[in-house]
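Let me begin by presenting the structure, written as structure tokens, before commenting on it.
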Amino acid sequence: MRKKLSILIPTFNEQKTIGIVLEQVHKVHIGDLDREIILIDDCSTDATKDIVTQFINSNKNLEIILHSFKKNQGKGAAIRWGIEHVTGDYVIVQDADLEYDPREYINLLQPLIEDKADVVFGSRFMGGHPHRVLFFWHSVGNAFLTLLSNILTDLNLTDMETCYKLFKVDVIKSINLIENRFGFEPEVTAKIAKLRGIRIYEVGISYYGRTYAEGKKINWKDGFRAIYCIIRYNFGK
Numbered sequence: 178m179r180k181k182l183s184i185l186i187p188t189f190n191e192q193k194t195i196g197i198v199l200e201q202v203h204k205v206h207i208g209d210l211d212r213e214i215i216l217i218d219d220c221s222t223d224a225t226k227d228i229v230t231q232f233i234n235s236n237k238n239l240e241i242i243l244h245s246f247k248k249n250q251g252k253g254a255a256i257r258w259g260i261e262h263v264t265g266d267y268v269i270v271q272d273a274d275l276e277y278d279p280r281e282y283i284n285l286l287q288p289l290i291e292d293k294a295d296v297v298f299g300s301r302f303m304g305g306h307p308h309r310v311l312f313f314w315h316s317v318g319n320a321f322l323t324l325l326s327n328i329l330t331d332l333n334l335t336d337m338e339t340c341y342k343l344f345k346v347d348v349i350k351s352i353n354l355i356e357n358r359f360g361f362e363p364e365v366t367a368k369i370a371k372l373r374g375i376r377i378y379e380v381g382i383s384y385y386g387r388t389y390a391e392g393k394k395i396n397w398k399d400g401f402r403a404i405y406c407i408i409r410y411n412f413g414k
């Protein structure tokens, strides 16, 4: 039986990019795997939902579903809903903003397909991949959060905050996730690290970051929440 990759796309007010992302995810090469696309719209107030609905109606042969929240709940809540409903063997989170390139799925999948890994992090800070030059203090913040996370998890990750985290479905379904916003990243990292015998790999990826004028949503408040989450979920449940 062919294995399947489940692609979760949480989205909120991404009318400028969501159509392009869906086309990329639809056409990207993932070897012999089947694919399903689960898009969770977090109560967008622009044309995002209409664009997604039009894409679905134009591609009825695709395995794709759209779930819409009636009120804004956050990225973590959207991912959690998606995880509950995946039917694949592997699952990856894809942001809807073009900062990450789906063409790199195949490289991220390789350690899983070869049964060398249970979880793969796509690192923006490894190897010779394109990386848009943007905010100095964001890079300092990312480095600090990754360092703090590593101290408490005893992992040697280079990019804890990366969006591209690829899991075996049975692994991610075994974890009780709580965070509703961007705290998902440190929470899932802490809880994955606690699993006995877990095999975690990193693979270098490119990163096409955007500015706040272009729609970037994460802010300094989320940085402080990440610190709280790192401490909370490494010392508690």
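Its first residue numbered 178, the sequence shown is counted upward by one per residue in our numbering.
C-beta: ideal position from N, C-alpha, C; glycine also.
None of the values given here were measured: they were computed from a predicted structure.
_Can you check which of these residues, S221, I214, K247 and K252, is closest to K237 by C-alpha distance?_
I214
*Confirm, please, whether the CB-CB distance from K181 to I260 is below 9 Å.*
no
*L285 by DSSP, collapsed to three states: which one?*
helix
*Could you tell me which of I269, D336, G413 and Y384 sits nearest to K368, measuring between CA atoms?*
G413
*asked:* Going by beta-carbon coordinates alone, are F313 and D336 separated by less than 9 Å?
replied: no
*Are L472 and I269 close, meaning C-beta to C-beta below 9 Å?*
In the structure as shown, the chain begins at 178 and stops at 414. Residue 472 is therefore absent and cannot be evaluated.
*Taking three-plus beta-carbon pairs below 8 Å as touching, is the region 314–328 in contact with the region 243–256?*
no
_Using a Cβ-Cβ cutoff of less than 8 Å, which residues in the same chain neighbour T222 once the five nearest sequence positions on both sides are dropped?_
N190
*My guess is that I382 and G299 are in contact by the Cβ rule of under 8 Å, so how many angstroms apart are they, rounded?*
4 Å
*Looking at L329 and I256, is the spacing between their C-beta atoms short of 9 Å?*
no
*Taking the C-alpha atoms as reference points, what is the distance between I377 and G318?*
23 Å
*By the 10 Å Cβ neighbour count, where 16 or more other Cβ atoms means buried, how is S183 classified, buried or exposed?*
buried
*asked:* Taking the alpha-carbon of K248 as reference, which of D219, I233 and K193 has the nearest alpha-carbon?
replied: D219
_Anticipated Cβ contact below 8 Å, D274 with T225, distance rounded_ = Going by Cβ atoms, the distance from D274 to T225 rounds to 11 Å, so no, they are not a contact pair.
*May I ask you to report which of helix, strand or coil DSSP gives H203?*
helix
*Go ahead and pull the three-state DSSP assignment for Y384.*
strand
*Can you give the Cα-Cα distance for V202 and A254, rounded to whole angstroms?*
22 Å
*List the DSSP bridge partners of R212.*
L182
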